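Have a look at the structure below before the remarks.
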Amino acid sequence: MVAPQKFTEFIEANADRFIDRLGEAIAIPSISGDASRRGDVVKMAHWLEAQLNKYGVKTEKVPLGTQQLEGKTLDLPPAILGRIGDDPKKKTILIYGHFDVQPANKSDGWDTEPFTMHYDKASGKIMGRGSTDDKGPILGWLNVLDAHSTLGLDLPVNLRFCFEGMEESGSEGLDDLIASEAAKKDGWFAGVDAVCISDNYWLNTRTPCLTYGLRGIAYYQIIISGPGSDLHSGIYGGAVYEPMTALIALMGKLVTQDGHILIPGVYDGIATADANELKKYEELDYSIDDLEGAAGGKIANSSERITVLMGRMRNPSLSLHGIEGAFSGVGCKTVIPAHVAGKFSLRLVPPQTPDDITKKVIAYVESEFAKLNTRLNMKVEYMHGGKPWVADIEHWNFEAAKKATEAVYLQTPNYTREGGSIPVTLPFADNLGVNVLLLPMGRADDGAHSTNEKLDVSNFINGSKLLGTYLYEVAEITQTA
Numbered sequence: 001m002v003a004p005q006k007f008t009e010f011i012e013a014n015a016d017r018f019i020d021r022l023g024e025a026i027a028i029p030s031i032s033g034d035a036s037r038r039g040d041v042v043k044m045a046h047w048l049e050a051q052l053n054k055y056g057v058k059t060e061k062v063p064l065g066t067q068q069l070e071g072k073t074l075d076l077p078p079a080i081l082g083r084i085g086d087d088p089k090k091k092t093i094l095i096y097g098h099f100d101v102q103p104a105n106k107s108d109g110w111d112t113e114p115f116t117m118h119y120d121k122a123s124g125k126i127m128g129r130g131s132t133d134d135k136g137p138i139l140g141w142l143n144v145l146d147a148h149s150t151l152g153l154d155l156p157v158n159l160r161f162c163f164e165g166m167e168e169s170g171s172e173g174l175d176d177l178i179a180s181e182a183a184k185k186d187g188w189f190a191g192v193d194a195v196c197i198s199d200n201y202w203l204n205t206r207t208p209c210l211t212y213g214l215r216g217i218a219y220y221q222i223i224i225s226g227p228g229s230d231l232h233s234g235i236y237g238g239a240v241y242e243p244m245t246a247l248i249a250l251m252g253k254l255v256t257q258d259g260h261i262l263i264p265g266v267y268d269g270i271a272t273a274d275a276n277e278l279k280k281y282e283e284l285d286y287s288i289d290d291l292e293g294a295a296g297g298k299i300a301n302s303s304e305r306i307t308v309l310m311g312r313m314r315n316p317s318l319s320l321h322g323i324e325g326a327f328s329g330v331g332c333k334t335v336i337p338a339h340v341a342g343k344f345s346l347r348l349v350p351p352q353t354p355d356d357i358t359k360k361v362i363a364y365v366e367s368e369f370a371k372l373n374t375r376l377n378m379k380v381e382y383m384h385g386g387k388p389w390v391a392d393i394e395h396w397n398f399e400a401a402k403k404a405t406e407a408v409y410l411q412t413p414n415y416t417r418e419g420g421s422i423p424v425t426l427p428f429a430d431n432l433g434v435n436v437l438l439l440p441m442g443r444a445d446d447g448a449h450s451t452n453e454k455l456d457v458s459n460f461i462n463g464s465k466l467l468g469t470y471l472y473e474v475a476e477i478t479q480t481a
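Heads up: the sequence shown begins at 1 in full-length UniProt numbering, then just goes up one per residue.
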């Protein structure tokens, strides 16, 4: 079933209006990890629900409980569940996305204000926090609904929606909601045939991709304290054990410069890549230049293309993220911090789980801290995590996405495993018992989570066409499936 020409023409003709709407979404600083921005996350939920309602989607904002954040008890942002279409002759596709974003300040190194959309028509880039992760893709679905509503076209499938505001902070509360709804005979997810998520990126800047695997994540902080308050280094330096010195020593024992994780037992049980798997990596349209171009520097830790690919998507990794409590301002401050917290995370692959890895992390850090033989206090805290996920690429859901990609981009997509983590994929697959597909809109160089996050207009508009065309291919390909 080919997507109607008037659908794709509508998307093209309304590009400026769609870009303006993305600007509205970017302007809401829906940072889930900042207690002072919780109201903005809720504001974003209301905005999105109103947009869905405008196109005939029935919705419900579902409370997810509370959380402890920055010493406060906060209500979690509500999830938005939605539905449109109840034709028993049509397939039902569940769409997931998240409307929260990572923290961003211009002082971090942004060229423009992160929550004011900057559209550079010359380069075709839309810059702003959330442009590619994940407000742009969510608005891609709104564009599809807009086109069908305005043109009076029936959607080729029934749609269900699940949008959350805590993905960037571990999707707290969502697993329980999915399990609860999946158990209901007439719940929001009843009758779902497959899931589609657009919350990741092409492997490079030129070839669309379909993603069938994600690494999991386990996020930690090492907290070290000692003095009752910050100390003057001129008075106390050389006479006391310093929390920062101990923290740096510990964090330096977690991973080597070339990415080898030093925690004992981390690699246990991970299967060696066989010839068939290696062949898949050989066939991918991806180079070390692609990696370094997206990273903005010649920093690949290997000259072997396959090694780099597997390091990016197939093997576990450990990254250091920052130190809370340390001086980081402009100028000089000769303080000995009384309390510091070092943040790091591991990206996990099958058969690793956050629970198993956490035991190994805590045991190792405690052992290494004991070797320092200080009189400081230390604890390791597990903050959030998610399991790795791998899907069946032979399923009709992937075949429909492949045909849609070929129709819109006139290219055969890469089939990739992604190095990032979307914790919700496995709960959807396990609780609903259906195939989950990742159908990305953005490119590898979009800079999600980084400064100057952007989304190319061509990806936003063609990506909107892709999402709609995928629905038509689902309707066609599953008639005999």
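Where is the CB? At the ideal position from N, CA and C, for every residue including glycine.
Just so we're clear, the structure is a prediction, and the values are computed from it rather than from any experiment.
I'd like to check one pair, T92 with G252: are the Cβ atoms closer than 7 angstroms?
Contact annotation: G252 and T92 have beta-carbon atoms that are not nearer than 7 angstroms.
Report yes if the CB atom of S233 is closer than 7 angstroms to the CB atom of I336, and no otherwise.
Yes, the Cβ-Cβ distance between S233 and I336 is below 7 angstroms.
Alpha carbon of V255 to alpha carbon of L318, nearest angstrom:
The alpha-carbon separation between V255 and L318 amounts to approximately 7 angstroms.
What residue range does the beta strand (DSSP E) around Y415 cover?
Its beta strand (DSSP E) spans residues 414-418.
For F460, which residues in the same chain have their Cβ closer than 6 angstroms to its Cβ, ignoring the five residues on either side in sequence?
Exclusion of the five residues before and after F460 leaves G136 as the residues of its chain whose Cβ lies within less than 6 angstroms of its Cβ.
Grab me the residues of P161's own chain with a C-beta within less than 6 angstroms of its C-beta, minus the 5 sequence neighbours each way, in chain order.
Going by the sequence as given, residue 161 is Phe instead of Pro. For F161, same chain residues with a beta-carbon under 6 angstroms away, outside a window of 5 residues either side, are G82, I95 in chain order.
Residue ranges of each beta strand (DSSP E) within the region 418-454, 3 or longer:
If we require 3 residues or more, the beta strand (DSSP E) runs fully inside the region 418-454 come out as 435-438.
Rounding to the nearest angstrom, what Cα-Cα distance links T480 and L262 in this structure?
Note on T480: pLDDT 48, under 50, position unreliable in the model; the coordinate value appears next. Roughly 51 angstroms separates the two Cα atoms.
Alpha-carbon spacing of G187 relative to S198, whole angstroms
A straight line joining the alpha-carbon of G187 with that of S198 spans about 23 angstroms.
Do the CB positions of N204 and Y286 come within less than 7 angstroms of each other?
Yes, they are a contact pair.
DSSP three-state assignment for residue 487, whether helix, strand or coil:
Coverage of the chain is limited to positions 1 through 481, which leaves residue 487 absent and any answer about it impossible.
Measure the CB-CB distance between G388 and G216 and report whether it falls below 7 angstroms.
Correcting the residue type first, residue 388 is Pro in the shown sequence and not Gly. Yes, Cβ-Cβ distance for P388 and G216 is below 7 angstroms.
Who are the Cβ neighbours of A400 in its own chain at under 7 angstroms, not counting the five residues just before and after it?
Closer than 7 angstroms at Cβ, skipping near neighbours: Y470, E473, V474, I477.
Could you check which residue in A79, V57, N435, M127 has the C-alpha nearest to that of E167?
Measuring from the Cα of E167, the nearest candidate turns out to be A79.
Just to confirm, are I288 and R305 a CB contact at a threshold of 7 angstroms?
Contact flag set, yes.
Under the three-state reduction of DSSP, which class applies to A260: helix, strand or coil?
Going by the sequence as given, residue 260 is His instead of Ala. Looking at H260 - three-state DSSP - the assignment turns out to be coil, as it is neither helix nor strand.
3 or more residues per run - each beta strand (DSSP E) lying fully within the region 107-158:
The region 107-158 is shown to contain whole beta strand (DSSP E) runs of 3 or more residues at 118-120, 125-127, in chain order.
Go through its chain and collect everything with a Cβ distance to L309's Cβ below 8 angstroms, but skip five positions before and after it.
Hits under 8 angstroms: Y281, L284, Y286.
Please classify Q51: is it buried, with 16 or more other beta-carbons within 10 angstroms of its beta-carbon, or exposed?
Under this definition Q51 is a buried residue.
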